[in-house]
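A short write-up of the structure that comes next.
There are 2 protein chains.
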Amino acid sequence: MDSTLDPGLGLRIRRTESLTSLIRRELERMIEIGELKAGDRLNENALAAKLGVSRGPVREACRGLEQSGLVHVIVNRGVFVREISNREAAELYDIRASLYALAGRLLAPKITKKQVAELRRMTRRMEEAAEKDELNVFYPLNVRFHEAIVEFSGNGRLLSMCASVHREMHLFRRRTLDMPGRMKISNAEHTGIVDALEAKDSEKAARLMADHVLKSRELLFGPIGTPAD
Amino acid sequence: MDSTLDPGLGLRIRRTESLTSLIRRELERMIEIGELKAGDRLNENALAAKLGVSRGPVREACRGLEQSGLVHVIVNRGVFVREISNREAAELYDIRASLYALAGRLLAPKITKKQVAELRRMTRRMEEAAEKDELNVFYPLNVRFHEAIVEFSGNGRLLSMCASVHREMHLFRRRTLDMPGRMKISNAEHTGIVDALEAKDSEKAARLMADHVLKSRELLFGPIGTPAD
DNA sequence: TCATTGTTTATTGTCAACAATCTTTTGCGG
DNA sequence: CCGCAAAAGATTGTTGACAATAAACAATGA
């Protein structure tokens, strides 16, 4: 498969978007799907050749990625896909819990019937996926569910921040949710969250959102404290 | 005054740090002190000439700044120091409140006597500054106080995130704290926070941290809701 | 006088070459 | 055979030049 950024299409695309941003998204995608694994080095020449561009835009894209925490740069050595330690992953879970709690707190007092309906629809579909034990169906819905709540909260910066944290957590290999019965438990929590939102109970929604994330954290690291390493 | 990055020093510095990161910090500084104001365009040629480097590193630095939200880039138009609307500033206050609350929650159960003493020392010095109405003394201490709590919390990512949010909020012109009596009120809240931390009362510390930030928010935007614009 | 269009100028986007640095290999001596 | 030093190779850091685009301006016609 040829991963070159299509140069024919390029002429049209280039008008509204720079190569740099295209490359950054492409790199994010490669990291997300695991084509680039944690610890891998990004060879600028190789990437530039593969994408059919010069090193300039590649370097600029890498600097953007560095700031968002997906890669780290060592001077004169190169840029490396970041490795997330247990400790850092745990830290990110705490942060994510706080951000999601905020989303719940903001959304509860102003959620619309339509939004509730949409969230309910998602939980129903997740229920079905859980019944059939289809993790590959459940997982994207789960992501979309949380994203929707943050989106509905109306805080744009919160949305981009959560997306950033989410991308960063993808660098952490060990995943939750793939343990038996986890999907059903998770979805029960989802239902509770929507209930609290519908009841416009800010504090309860906030608490349930945080607990939901922290439960995932506990599954990975055990009940309390910050894991070493 | 000549703002050129000293090329003599450069030879020594360049070994451990790239020009890009030096330039990024310099640009952050310029934005922080207001030498570059919100809405200003960053002319790559001019900046490169002024700093005595070529455009490459300047562009890379700008891409980093873009990701951290300090500038936004319009293709073929240039990079502009970001303008923060009332709405976005309010959003940032909410986020900051949540992050600080997390810092308080994490720190409370594990704060040491030494750390309490250090925080008390700061509140005392702020008290003095408030008595003498010295805002220029109070303000950096205030910043340092909050930074210390986040630092003591032990969550490294939280620290860098708070720093990022703080830098971004600097883009917002209207400042709080410069109203009469604000310093004393603020410092009373600080004392309450340290009390809660010393008592190892996580939830109270979290709540007080959040309230402290949200009070600033209210001073700027009024009691509730998200301001338009 | 005003709007529109063509031209000029300034600025950004991209590229390819050069310099500095790090890594690997090779050769030498012990 | 092993350790070490020096050279070769590979990779990043930086630069200056060129191409593409947008803004500013002038000229033309209504």
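Protein chains in written order, with my numbering: chain A, 5 to 233; chain B, 5 to 233. Cβ coordinates follow ideal geometry from the N, Cα and C atoms, glycine included. Note that the coordinates shown come from a computational prediction; the quantities given were computed from them, not determined experimentally.
Going by the DSSP bridge assignment, what does residue i pair with across the sheet?
i: Leu46/B; result: Val83/B
Counting along the chain, where does the beta strand (DSSP E) carrying residue i start and finish?
i: Val77/B; result: 75-78
List the whole-angstrom C-beta distance separating residue i from residue j, where the pair is believed to meet the contact cut-off of C-beta under 8 Å.
i: Ile35/A; j: Met165/B; result: Between Met165/B and Ile35/A the Cβ distance is about 20 Å, and since that is not below 8 Å, they are no contact.
i: Arg28/A; j: Gly68/A; result: 5 Å
i: Ala65/B; j: Leu31/B; result: 6 Å
i: Ser102/A; j: Ser102/B; result: 5 Å
i: Ala112/B; j: Leu201/B; result: 5 Å
Taking the C-alpha atoms as reference points, what is the distance between residue i and residue j?
i: Val77/B; j: Val83/B; result: 4 Å
i: Arg33/B; j: His174/B; result: 11 Å
i: Glu21/B; j: Val57/B; result: 15 Å
i: Glu135/A; j: Ala192/A; result: 13 Å
i: Gly158/A; j: Leu96/B; result: 12 Å
i: Met5/B; j: Leu139/B; result: Because the pLDDT at Met5/B is just 41, under 50, the model does not fix this residue reliably, and the point stays unresolved.
i: Asp199/A; j: Ala209/A; result: 8 Å
i: Glu211/A; j: Leu74/A; result: The question names Glu, yet the displayed sequence has Arg at residue 211/A. Rounded to whole angstroms, Arg211/A to Leu74/A spans 29 Å at the Cα level.
i: Arg125/A; j: Gln119/A; result: 10 Å
i: Thr195/B; j: Leu123/B; result: 9 Å
i: Ile189/B; j: Lys219/B; result: 10 Å
i: Pro227/B; j: Ala94/B; result: 12 Å
i: Glu155/A; j: Val169/A; result: 15 Å
i: Ala203/B; j: Gly229/A; result: 19 Å
i: Phe225/A; j: Ala42/B; result: 43 Å
i: Val62/B; j: Arg86/A; result: 24 Å
i: Leu110/B; j: Glu48/B; result: 43 Å
i: Pro231/B; j: Glu92/B; result: 9 Å
i: Val141/A; j: Phe149/B; result: 47 Å
i: His216/B; j: Gly185/B; result: 15 Å
i: Leu55/B; j: Pro144/A; result: 47 Å
i: Gly160/B; j: Glu172/A; result: 14 Å
i: Leu46/A; j: Glu70/B; result: 21 Å
i: Arg221/B; j: Leu26/A; result: 37 Å
i: Ile197/A; j: Asp205/A; result: 10 Å
i: Asp137/A; j: Glu151/A; result: 22 Å
i: Leu162/A; j: Ala133/B; result: 35 Å
i: Leu223/A; j: Met187/A; result: 13 Å
By a C-beta neighbour count over all protein chains shown, 10 Å radius and 16 as the cutoff for buried, is residue i buried or exposed?
i: Asn80/A; result: exposed
i: Thr127/A; result: buried
i: Gln89/B; result: Going by the sequence as given, residue 89/B is Ser instead of Gln. It is exposed - the Cβ of Ser89/B has fewer than 16 other Cβ atoms within 10 Å.
i: Thr116/A; result: exposed
i: Val147/B; result: exposed
i: Glu207/B; result: exposed
i: Met130/A; result: buried
i: Met183/B; result: exposed
i: Arg177/B; result: exposed
i: Ala214/A; result: buried
i: Thr24/A; result: buried
i: Asp233/B; result: exposed
i: Ile153/A; result: buried
i: Ala105/A; result: buried
i: Ala50/A; result: exposed
i: Glu39/B; result: exposed
i: Gly121/A; result: Position check: residue 121/A holds Ala in this sequence, whereas Gly was assumed. Ala121/A should be labelled exposed.
i: Ile37/A; result: exposed
i: Ala167/A; result: exposed
Start and end of the alpha helix (DSSP H) containing residue i?
i: His170/B; result: 160-173
i: Met183/A; result: No alpha helix (DSSP H) contains Met183/A, which DSSP labels as neither H nor E.
i: Glu70/B; result: 59-71
i: Thr24/A; result: 23-36
i: Lys41/B; result: Here Lys41/B belongs to no alpha helix (DSSP H), and DSSP marks it neither H nor E.
i: Arg177/A; result: Run containing Arg177/A: none; DSSP gives neither H nor E here.
i: Ile153/A; result: 139-156
i: Ala232/B; result: Taken as a continuous stretch (DSSP letters only), Ala232/B belongs to no alpha helix (DSSP H), as it is neither H nor E.
i: Ser89/B; result: Where Ser89/B is concerned, there is no enclosing alpha helix (DSSP H), given that its DSSP letter is neither H nor E.
i: Lys219/A; result: 206-225
i: Ala134/A; result: 117-135
Considering only heavy atoms of the ligand PLP, does any lie closer than 7 Å to the CB of residue i?
i: Asn90/A; result: With respect to the ligand PLP, the structure offers nothing, as it holds no ligand at all.
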